[in-house]
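Note sheet for the following structure.
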Amino acid sequence: MAWRQLLMASCLSAAVLLTMLQEGTGASVGTQQVAGQEAQEVENRQKLRADELQREYYEEQRNEFENFVEEQNDEQEERSREAIEQWRQWHYDGLYPSYLQNRHRI
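Residues -26 to -1, 1 to 80 (mature numbering (1 follows the signal peptide of the UniProt record, and there is no 0)) make up the sequence shown, in order.
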């Protein structure tokens, strides 16, 4: 009879011990899940920030290139205007009216 009580006591203590261990494991798993979610959120924020910085960088590069192209076009137009003006001065001797008024009629 004593061995039955001993067996029941050991089974009961084993059941209590397993229950406590299971609750502890569940709590630690829950904590790990929360920590994993927080880590994922931090990683997502870092990725979003990196994307934003990259977008700003490329926008700045595009703006600088557009300004450069605009300056190049302005300089080319100025050179062309100066060349045309020099050509007109060289070919105009002052005796004839301007080119459009000096057309020969057929």
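Backbone N, C-alpha and C fix where the C-beta goes; we use that ideal spot for every residue, glycine too.
Spatial distance of residue i from residue j (CA atoms)
| i | j | result |
| --- | --- | --- |
| GLN7 | GLU(-4) | 15 Å |
| ALA9 | TYR32 | 35 Å |
| residue 96 | VAL16 | There is no way to answer for residue 96, as the model of the chain reaches only from -26 to 80. |
| SER54 | ARG19 | 52 Å |
| MET(-7) | ALA(-13) | 10 Å |
| PHE39 | ASN47 | 12 Å |
| LYS21 | THR5 | 24 Å |
| GLN60 | GLU34 | 39 Å |
| GLN28 | PHE42 | 21 Å |
| ARG(-23) | CYS(-16) | 10 Å |
| GLU49 | GLN14 | 52 Å |
| ALA57 | GLU45 | 18 Å |
Contacts around residue i, its chain only, beta-carbon distance under 6 Å, and the 5 residues preceding and following it disregarded
| i | result |
| --- | --- |
| GLN11 | none |
Beta-carbon proximity list for residue i, same chain, < 7 Å, skipping 5 on both sides
| i | result |
| --- | --- |
| HIS65 | none |
### Message
Could you tell me which whole alpha helix (DSSP H) segments of length 4 or greater appear in the segment 22 to 52?
### Response
Those alpha helix (DSSP H) runs which fall completely within the segment 22 to 52 and span 4+ residues do not exist here.
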